[in-house]
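The structure appears below as structure tokens.
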Amino acid sequence: MPSEGRLPAEMAPGGVTAGTARVDQPTVAGSVPATEQDREAHLDHLFRHWTLSPVMHQLRRLLGAYQENKP
Amino acid sequence: MSLVLHSLDSALARVPELPATVRRLVAMPAEAYRADVAAWVLRKDSGLAQSALRVANCPLLGLLQPVSGLADAAAALGAARFGRVITVAAVLQQFPAGRAAHGFDRSGFWRHSAAAGVLARAMALELGEDPELALIAGLLHDLGRAVLDAWFPREFSAVLRYRERHDVWIGDAEAAVLGFDHCSVGSRVAERWGLPGEVRQAIAWHHRPEAPEGDHPLTAIVHVADVVVRGMRRGNPGDDTIPMLSERAMARVGLDWTMLEPALDTADRDFHEAVRLVQDEELPAAQEQVLS
Chain A
2 MPSEGRLPAE
12 MAPGGVTAGT
22 ARVDQPTVAG
32 SVPATEQDRE
42 AHLDHLFRHW
52 TLSPVMHQLR
62 RLLGAYQENK
72 P
Chain B
29 MSLVLHSLDS
39 ALARVPELPA
49 TVRRLVAMPA
59 EAYRADVAAW
69 VLRKDSGLAQ
79 SALRVANCPL
89 LGLLQPVSGL
99 ADAAAALGAA
109 RFGRVITVAA
119 VLQQFPAGRA
129 AHGFDRSGFW
139 RHSAAAGVLA
149 RAMALELGED
159 PELALIAGLL
169 HDLGRAVLDA
179 WFPREFSAVL
189 RYRERHDVWI
199 GDAEAAVLGF
209 DHCSVGSRVA
219 ERWGLPGEVR
229 QAIAWHHRPE
239 APEGDHPLTA
249 IVHVADVVVR
259 GMRRGNPGDD
269 TIPMLSERAM
279 ARVGLDWTML
289 EPALDTADRD
299 FHEAVRLVQD
309 EELPAAQEQV
319 LS
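The listed protein sequences derive, respectively, from chains A and B. According to my numbering, the stretch in the first sequence is residues 2 to 72, in order. According to my numbering, the stretch in the second sequence is residues 29 to 320, in order.
Put into structure tokens, the structure is as follows:
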């Protein structure tokens with residue numbers, strides 16, 4: 002996997018373990034986070050390993066707009 | 029049993045072949061294809077026949093009107109498309125449902141696969157590429173991970189533990205623990221199971237679309253779909269990270285950001301149909317589990 006633009010885990014915001022979501026812990030079903038704060042937190046977590054190159058920044062914007070517009 | 033790269037091919041011997049019925053039907057020359065004969069051959073395997081009819085009736089695969097019989101499906105689809113339907117049905121039948129002992133979220137995995145499939149299909153429609161092939165490639169892009177879960181549970185359990193302990197992308201965990209990733213596994217199994225060449229290539233290279241071997245529109249489409257759906261919270265690919273998106277892959281197929289927005293809407297609309305395809309049931313939206 003390309004390493005361009007990627008932070009070593011220990012340099013990621015909060016370090017390796019901060020913000021790690023256990024993948025076997027289901028949450029409330031069927032919807033994206035309800036509040037803008039929740040959406041931003043989710044995106045922060047998803048992109049936590051990256052310094053945002055232009056393409057990843059645009060991807061994050063796209064996903065933020067998608068989540069904001071979901072009913 | 030530990031898997032190391034030099035023994036991957038021999039280790040994969042434990043993965044079964046697809047049913048002989050599939051090989052026989054897919055090998056049928058187009059000029060010799062007869063829908064009634066194809067249906068007759070398929071009926072010898074009642075489980076596969078039932079599954080194939082369900083796949084054939086998925087509106088995402090292009091049948092304009094649902095059909096109730098195999099012969100009608102075979103006639104409506106023609107040789108090549110019926111072969112694809114049977115292959116997809118047979119592949120999906122290989123994998124166990126239910127909760128894995130090592131905690132892998134199989135239901136979430138297949139929902140992620142469904143989401144990647146419908147987004148790949150939506151992008152293919154925008155770009156003038158084959159939407160059926162894109163759907164199949166997206167559905168099966170992580171075939172190797174399903175294989176690891178089903179036939180190498182001890183090794184896969186070690187991968188999952190590593191991933192969680194080190195908070196890495198699951199592909200990096202696979203490489204660290206096994207010496208190879210799900211793409212290597214998936215491409216070998218896809219070849220053995222006779223999946224179309226473009227689908228095999230997408231399975232093999234969707235995380236390295238800029239490699240010369242990955243230079244194909246479908247590979248680029250599946251790469252983008254896999255990355256993007258992780259932010260759509262549709263299913264569980266096995267981790268809660270997002271891989272790097274290749275801008276060159278997007279440029280390869282002429283995909284820009286304005287084209288992605290309607291594709292996401294289309295994918296949203298088609299998602300539950302794709303879930304029905306891979307899980308033979310539709311989960312009520314209220315019960316769908318997402319990553320936190």
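Yeah, the Cβ is synthetic: ideal placement off N, Cα and C, and Gly gets one too. This structure is a prediction, so every number in the text was calculated from the model and none was measured.
Distance check for residue j and residue i, CA to CA, integer angstroms please.
i             : j             : result
residue 20/B  : residue 298/B : It is not possible to answer for residue 20/B, since the shown part of chain B is limited to 29 through 320.
residue 63/B  : residue 35/B  : 42 angstroms
residue 54/B  : residue 45/B  : 14 angstroms
residue 38/A  : residue 273/B : 24 angstroms
residue 323/B : residue 295/B : In the structure displayed, chain B extends from 29 to 320; residue 323/B sits before or after that span and is not available.
residue 132/B : residue 271/B : 20 angstroms
residue 118/B : residue 129/B : 24 angstroms
residue 46/A  : residue 60/B  : 55 angstroms
residue 234/B : residue 215/B : 11 angstroms
residue 187/B : residue 57/B  : 42 angstroms
residue 139/B : residue 303/B : 6 angstroms
residue 161/B : residue 255/B : 18 angstroms
residue 238/B : residue 56/A  : 15 angstroms
residue 211/B : residue 41/A  : 31 angstroms
residue 71/B  : residue 77/B  : 6 angstroms
Three-state secondary structure (DSSP) at residue i?
i             : result
residue 221/B : coil
residue 68/B  : helix
residue 285/B : helix
residue 179/B : helix
residue 197/B : coil
residue 61/B  : coil
residue 93/B  : coil
residue 44/B  : coil
residue 302/B : helix
Would you kindly report the start and end of the unbroken alpha helix (DSSP H) that includes residue i?
i             : result
residue 112/B : 98 to 121
residue 137/B : 134 to 155
residue 70/A  : 55 to 70
residue 207/B : No alpha helix (DSSP H) contains residue 207/B, which DSSP labels as neither H nor E.
residue 49/A  : Here residue 49/A belongs to no alpha helix (DSSP H), and DSSP marks it neither H nor E.
residue 251/B : 245 to 257
residue 164/B : 159 to 167
residue 242/B : No alpha helix (DSSP H) contains residue 242/B, which DSSP labels as neither H nor E.
residue 54/B  : 48 to 54
residue 79/B  : 74 to 84
residue 279/B : 275 to 280
residue 39/B  : 36 to 39
Compute every distance between the C-beta of residue i and the non-hydrogen atoms of the ligand SAM, then say whether any falls below 7 angstroms.
i             : result
residue 262/B : No copy of the ligand SAM appears in this structure; indeed no ligand is present at all.
If you compare alpha carbons, which of the options is closest to residue i?
i             : options                       : result
residue 73/B  : 98/B, 88/B and 188/B          : 98/B
residue 62/A  : 301/B, 224/B, 238/B and 288/B : 288/B
residue 178/B : 249/B, 207/B, 120/B and 290/B : 120/B
residue 245/B : 280/B, 122/B and 258/B        : 280/B
residue 69/B  : 218/B, 102/B, 43/B and 285/B  : 102/B
residue 248/B : 43/B, 232/B, 259/B and 209/B  : 232/B
(message) With three or more beta-carbon pairs closer than 8 angstroms as the criterion, would you say the segment 106 to 122 of chain B touches the segment 50 to 63 of chain B?
(response) yes
(message) Does the structure place the segment 64 to 71 of chain A close enough to the segment 86 to 98 of chain B that three or more beta carbon pairs sit under 8 angstroms?
(response) no
(message) Would you call the segment 253 to 268 of chain B in contact with the segment 221 to 228 of chain B, where contact means no fewer than 3 C-beta pairs closer than 8 angstroms?
(response) no
(request) Assess, as a yes-or-no matter, whether the segment 195 to 206 of chain B is touched by the segment 150 to 158 of chain B under the definition of 3 or more beta carbon pairs within less than 8 angstroms. (result) no
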